[in-house]
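Note sheet for the following structure.
Residue numbers (our numbering): 916 to 1375.
Next comes the structure, spelled out in structure tokens:
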């Protein structure tokens, strides 16, 4: 009875802290908010496009449809983004409860539940994202829901496999980076335990069926049968390659994403001004060559619409399909050539990226004399919490997993793989700590179980 009281108090405390962080975050605007809202408006008007008010139709090349559909659903309930944000807060509460169910399934100990609730109360980034018009909260919920279906439901059931596969498809339609996760998971299961391998193959089959509608939409609208976006991967990976070669503050004007090179306290790759100028020259020359090859594709009609699109820099430009596909191809070729020219640099920077995405950095340019003490404290706390719990927690979990690889339960190995996959699949891109936010709760589940088990073993 007393233990249940303790659990209920910690759940109530977690939800209270999350609600406070949520309220404080309501005044924040996510950089991609305007783009998501434009796509949701397109969905409500019968087209998956950010520019439904233009006479020419420009199908979305950069986004997958799940999150815009989620926003559209929220707006139909109440024509205000607060409805969407409240739905996301409800998803947070559901995610915490599902996480507790997962822990209860994996261990009979009570301490992991307490540890998880305390850690998730401290890691305030997750509820903070519930207040933003950003796909992170929906992604977090879907990741935990998949683990819940895998561990708490009967994995031998074809119906469970169907639900899991469709949820994987929804996850990929929310965050395209997860498109390969079910297939790699199948390989991991094959390596660590062939038990239920047949069911994981069923999951992959149902996943492919679930991803089919968007692939067919891409075929109809962009001329390619592809279950993920036609734009973004090569562009962002190209920026990721050059991220450390260009000086802090340099504006990336060529990709229309309005991005700049961020000055980060932890960046170990510093060059002289002479080298930076040389790199800028190579980068701009490379992009000019690509843009010159793309220019003939743009029609006079599109150039007129382009002026309209550029009037709102917060909404991403939707180029014609032929332009986007060729640009992605040319950028992919440029990346491959750059890696061949400097493989050691690429290896070093990608290794750094893998670990760096586990904690929030401090932008030097934002940490200036013009920044208030309150804002500085916010940045320091965000960095300190993510570094001490998420980054150090990942290192600790990694050591534990490798030391106990032969005896570790396959469920914990699966959770650990989710974490490694999420970090690994984002290594080609520029460093953004939010890439790993979707697996923060996965890591906290893993940490809560392994720390409790080690403590119990030591007492014995």
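Just so it is clear, CB atoms sit at the ideal spot from N, CA and C, and this is done for glycine as well.
Taking residue 992 as the centre and dropping the five residues before and after it, the same chain places the C-beta of 998 closer than 7 Å to its C-beta, in chain order. With a cutoff of 8 Å on beta-carbon distance, residue 1352 and residue 1044 are scored as near each other. Note on residue 1103: 16 or more other CB atoms within 10 angstroms of its CB, so buried under the neighbour-count rule. Contact annotation: residue 1032 and residue 929 have beta-carbon atoms nearer than 8 Å. A direct Cα-to-Cα measurement between residue 1367 and residue 922 gives close to 16 Å. For residue 1260, the closest C-alpha among the options 1185, 1307, 1235, 1223 is that of 1185. Secondary structure note for residue 1096: its alpha helix (DSSP H) is the uninterrupted segment 1096-1107.
Remark: C-beta atoms of residue 1088 and residue 980 approach each other more closely than 8 Å. Within the same chain, Cβ atoms closer than 7 Å to the Cβ of residue 1268 are found at 1342, 1346, the five residues on either side in sequence being excluded. With 16 or more other CB atoms across the displayed protein chains lying within 10 angstroms of its CB, residue 1052 is buried. Only exposed fits residue 1320, as fewer than 16 other CB atoms lie within 10 angstroms of its CB. Taking the CA atoms as reference points, residue 964 sits about 8 Å from residue 1233. In the structure shown, residue 1004 falls within a helical segment according to DSSP collapsed to helix, strand and coil. With respect to the 8 Å criterion, residue 1175 and residue 1154 are not classified as neighbours on the basis of their beta carbons. In the three-state reduction of the DSSP assignment, residue 1259 falls in the helix class. Burial state of residue 1040 is buried, judged by a 10 Å Cβ sphere holding 16 or more other Cβ atoms. Around the C-beta of residue 1146, 16 or more other C-beta atoms lie within 10 Å, and the residue is accordingly described as buried.
Around the Cβ of residue 1218, a 10 Å sphere holds fewer than 16 other Cβ atoms; the residue is exposed.
Only buried fits residue 966, as 16 or more other CB atoms lie within 10 angstroms of its CB. The region 1142-1186 contains no complete beta strand (DSSP E) run of 3 or more residues. Secondary structure at residue 1278: strand, using DSSP grouped into helix, strand and coil.
Close CB contacts of residue 1116 within its chain, under the 7 Å cut and outside five residues either way in sequence, are with 1101 (chain order). Around residue 1027, the same chain offers 1018, 1363, 1364, 1367 as residues with beta carbons nearer than 7 Å, after the five sequence neighbours per side are excluded. Comparing C-alpha distances from residue 1122 to each of 1143, 1081, 1111, 1134 shows the shortest one belongs to 1081. Restricted to the region 1034-1082, the alpha helix (DSSP H) segments that are unbroken, complete and at least 4 residues in length are 1040-1045, 1051-1067, listed in chain order. Straight across, the Cα-Cα distance linking residue 1189 with residue 1278 is about 23 Å.
Secondary structure of residue 1241 (DSSP, three-state): helix. Per DSSP, the unbroken alpha helix (DSSP H) holding residue 1200 starts and ends at 1188-1209.
Counted as a single uninterrupted DSSP element, the stretch harbouring residue 963 is not any alpha helix (DSSP H), since DSSP gives it neither H nor E. Comparing alpha-carbon positions, the option among 1293, 1192, 1148 lying closest to residue 1162 turns out to be 1192. Taking a 10 Å sphere around the C-beta of residue 1160, we find 16 or more other C-beta atoms and assign the residue as buried. By the criterion of at least three beta-carbon pairs nearer than 8 Å, the region 969-983 is in contact with the region 1133-1145. In this structure, residue 1356 lies away from residue 934, with their beta-carbon atoms at least 8 Å apart. In this structure, residue 1149 lies near residue 1250, with their beta-carbon atoms less than 8 Å apart.
Residue range 1325-1340 is occupied by the alpha helix (DSSP H) that includes residue 1329. The C-beta of residue 951 has 16 or more other C-beta atoms within 10 Å across all chains shown, which makes the residue buried.
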